[in-house]
Amino acid sequence: MLLGSSAAASAAADAESWTFKLTPSYYVTTHQKDATDINLRANIGSHAFWLADYRRGGEFAQTRTGYEYTAELRFGQLVPSLQLATHGFAGGAINAQIGGESYALLGFGRTNARDYYNLNFDPNDSILYGLGTRLLPKSNLSLFTVRDNRLHTGQVVTHLVWRFTPDDHQRWTVDVSGKHGRASADEDAVSGKAISLTFDYREVFVRLARDRKVNFTVEDQTRFSLGLRF
Numbered sequence: 621m622l623l624g625s626s627a628a629a630s631a632a633a634d635a636e637s638w639t640f641k642l643t644p645s646y647y648v649t650t651h652q653k654d655a656t657d658i659n660l661r662a663n664i665g666s667h668a669f670w671l672a673d674y675r676r677g678g679e680f681a682q683t684r685t686g687y688e689y690t691a692e693l694r695f696g697q698l699v700p701s702l703q704l705a706t707h708g709f710a711g712g713a714i715n716a717q718i719g720g721e722s723y724a725l726l727g728f729g730r731t732n733a734r735d736y737y738n739l740n741f742d743p744n745d746s747i748l749y750g751l752g753t754r755l756l757p758k759s760n761l762s763l764f765t766v767r768d769n770r771l772h773t774g775q776v777v778t779h780l781v782w783r784f785t786p787d788d789h790q791r792w793t794v795d796v797s798g799k800h801g802r803a804s805a806d807e808d809a810v811s812g813k814a815i816s817l818t819f820d821y822r823e824v825f826v827r828l829a830r831d832r833k834v835n836f837t838v839e840d841q842t843r844f845s846l847g848l849r850f
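Under the numbering used here, residues 621 to 850 are what the sequence shown spells out, in order.
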């Protein structure tokens, strides 16, 4: 009885211990100076916090911080989040995953529309809807759309994301997306595609992405990230 209680207490302590993820990224964009981003994310239990800094030459810099809570509910997960950044930016979102082995995805986001370099590369004032399944062997496959529903930009991004975990130490993530819309309501519409490939091995991961018409501009972008969990 005492041994069982000790094991349970140890498992509970492990579940509530702090874990961290450090992700330095490098961005190469046509007709712009190269940029860097350093993101430190901390998790404890259902809570996540992050602090990050983006810099593009001497043209633009922005530091941001945020908080996210993952609520495990009978119907699935509910994840509210809040983000603040320099230049007066504030934003929040709430996302839900409804179901078990097959599930629905729903989300809603709002910002105060202040200056912000969007490192999500999806509309932030938006709705999200989609479907996913874990029924494929060692896989999690999802298809979802993020659509602007506030700023009259017509921005729509649709993602097909496949996460494949061949064993306990490795994971591959492939994110293929297509977009259409305007950077602002009075600009011309653009269309583009993007692909992101991430490989996790134990505590280290590497990500490479190519994004045509990044953030609904006329520019193309290549992104490289190298991360460490500890």
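By construction, the Cβ of each residue, glycine as well, lies at the ideal position given by its N, Cα and C atoms.
If contacts are defined as beta-carbon pairs under 8 Å, then residue i and residue j qualify, I think. What distance do you get, rounded to the angstrom?
i	j	result
G752	L725	6 Å
K813	G798	5 Å
G696	G719	6 Å
Q775	T649	At roughly 18 Å, the Cβ-Cβ gap does not stay under 8 Å, so Q775 and T649 are not in contact.
S759	F784	5 Å
Y689	H667	6 Å
F741	V834	7 Å
A672	N659	4 Å
Does residue i come out as helix, strand or coil in the three-state DSSP assignment?
i	result
F695	coil
V838	coil
E721	coil
T731	strand
E688	strand
A805	coil
S759	strand
S630	Unreliable placement is indicated for S630, whose pLDDT of 44 sits below 50; the coordinate value is still reported in the next sentence. S630: helix per DSSP, three-state reduction.
N659	strand
R770	coil
R783	strand
R883	Nothing can be reported for residue 883, as the shown portion of the chain is limited to 621 through 850.
D795	strand
T765	strand
T852	This structure gives no information on residue 852, because the portion of the chain shown stretches from 621 to 850.
H667	strand
R832	coil
G847	strand
T706	coil
Assign residue i to buried or exposed, taking buried as 16 or more other Cβ atoms, counted over all protein chains shown, within 10 Å of its Cβ.
i	result
D608	The first residue shown for the chain is 621 and the last is 850, placing residue 608 beyond what the model contains.
F844	exposed
V824	exposed
F764	buried
G729	buried
Y749	exposed
A705	buried
D831	buried
G665	exposed
G684	With the sequence shown as reference, residue 684 is identified as Arg, and Gly is not the correct amino acid for it. By the 10 Å Cβ count, R684 comes out buried.
A809	exposed
F836	buried
V777	buried
D735	exposed
Could you check which residue in the options has the C-alpha nearest to that of residue i?
i	options	result
F709	A803, W792, N732 and N659	N732
F680	R661, L704 and D654	D654
Y646	L671, L660, R675 and N663	R675
Q717	L702, R734, A705 and L698	L698
N744	E721, N769 and L755	N769
T588	T818, S762 and S804	There is no way to answer for residue 588, as the model of the chain reaches only from 621 to 850.
R767	R827, D795, T656 and I747	I747
L780	L771, K641, D795 and R791	D795
R822	K641, D788 and N659	D788
S701	E692, R694 and G712	G712
P757	L739, E636 and W782	W782
On the DSSP bridge assignment, give the partners of residue i in chain order.
i	result
N715	V699 and G727
W638	According to DSSP, which records beta bridges pairwise, W638 is partnered with nothing at all.
L739	Looking at the DSSP assignment, L739 forms no beta bridge with any residue, so it has no partner.
H800	V776 and S811
S746	G729 and D768
R822	DSSP, once it has assigned bridges, lists no residue as partnering R822.
Can you check whether the C-beta of residue i is within less than 8 Å of a C-beta belonging to chain B?
i	result
W638	Among the protein chains of the structure shown there is no chain B, as only one such chain exists.
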